[in-house]
Amino acid sequence: MMSIKIAIVDDHKIVRDGIKLYLNNDDEYEVCGEAQNGYEAINVLNQQEVALALIDINMDGMDGVETTRRLIQDHPQLKVIALTMHNDYQHIKAMMDAGASGYLLKNCDEFEMKNAIRAVMNDDIYYSKEVAQTVMNNLAKKRARARSEGLATPLTPREKEVYKLILKEYSNQEIADKLFISVRTVEVHKRNLLEKTGAKNTTGLVLYAIKNELFEEI
73 MMSIKIAIVD
83 DHKIVRDGIK
93 LYLNNDDEYE
103 VCGEAQNGYE
113 AINVLNQQEV
123 ALALIDINMD
133 GMDGVETTRR
143 LIQDHPQLKV
153 IALTMHNDYQ
163 HIKAMMDAGA
173 SGYLLKNCDE
183 FEMKNAIRAV
193 MNDDIYYSKE
203 VAQTVMNNLA
213 KKRARARSEG
223 LATPLTPREK
233 EVYKLILKEY
243 SNQEIADKLF
253 ISVRTVEVHK
263 RNLLEKTGAK
273 NTTGLVLYAI
283 KNELFEEI
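Quick note on the numbering used here: the sequence shown kicks off at 73 and runs consecutively.
Right, dumping it as structure tokens:
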């Protein structure tokens with residue numbers, strides 16, 4: 073069976089050496105190129121045919137996002153897995169938008185790295201467990217936002233403030249004091265909230281927020 077030819081792009085030699093130890097002890101993989109930045113990676117892949125590249129994000133000169141974009145543009149069949157310490161949605165999205173097929177955290181072990189490589193080489197997408205959770209959390213927040221904005225009549229900023237305090241069990245007077253408005257104005261906002269959500273009372277407002285996951289959004 074042909075081994076999978078792999079390039080490692082990371083600005084830390086100790087990381088590259090560690091990955092080589094992981095992979096070169098298995099005939100299924102062959103590390104045949106390494107680079108410490110994006111510019112070197114472009115040169116390496118122009119001289120050596122590689123099936124997959126493991127790419128760090130934070131590198132001097134050309135970061136992993138731009139490196140991924142450039143490499144896939146020049147080598148459309150190349151598979152890329154991000155290998156990084158960053159577990160935030162902005163970095164994940166940037167790498168996947170650039171063309172990466174996988175996203176691994178550097179605390180992964182040998183077995184997870186090999187599983188990720190196999191998955192990506194089979195045209196699947198692979199996220200570390202923690203990364204998958206970050207992606208799911210972000211999607212949940214987007215769904216909550218969509219539900220809030222999807223009301224027949226969207227909530228105003230002031231109504232959201234009042235709603236949030238209702239969920240914190242503030243009384244009408246406490247809400248008025250907190251927002252520097254009159255109790256009568258609080259009652260008007262609460263009445264509007266009841267109409268917009270279809271709730272019948274304060275308990276209904278709380279149940280609506282729970283059902284529609286509005287706690288993060290409001």
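Beta carbons: idealized from backbone N, C-alpha and C, even for Gly.
Per DSSP, Leu177 lies in no alpha helix (DSSP H); the unbroken beta strand (DSSP E) holding it starts and ends at Gly174 to Leu177.
At least 8 Å separates the beta-carbon of Thr140 from that of Ala188. CA-CA distance, Met167 to Leu239, rounds to 38 Å.
A distance of 8 Å or more separates the beta carbons of Met157 and Leu143. Residue Tyr198 holds the alpha-carbon nearest to the alpha-carbon of Ile164 among Tyr198, Arg88, Glu259 and Met185. Spanning the alpha carbons of Ala170 and Val137 requires a straight line of approximately 6 Å.
Shown here, Ile86 sits in a helix according to DSSP, grouped into three states. Ala107 has Val81 as its beta-bridge partners, per DSSP.
Considered as a whole, the stretch 210 to 284 harbours 229 to 239, 244 to 251, 255 to 269 and 274 to 283 as its complete alpha helix (DSSP H) runs of no fewer than 4 residues, in chain order. In the displayed model, Val192 falls within a helix according to three-state DSSP. When secondary structure is reduced to three states using DSSP, Leu150 falls in the coil class, being assigned neither helix nor strand.
Rounded to whole angstroms, the Cβ separation of Tyr235 and Leu265 is 6 Å, and the two are in contact under 8 Å.
Leu277 and Gln145 have their C-alpha atoms some 51 Å from each other.
Contact annotation: Asn159 and Thr206 have beta-carbon atoms nearer than 8 Å. For the options Pro226, Phe183, Thr228 and Tyr175, the alpha carbon positioned closest to that of Ala204 is the one of Tyr175.
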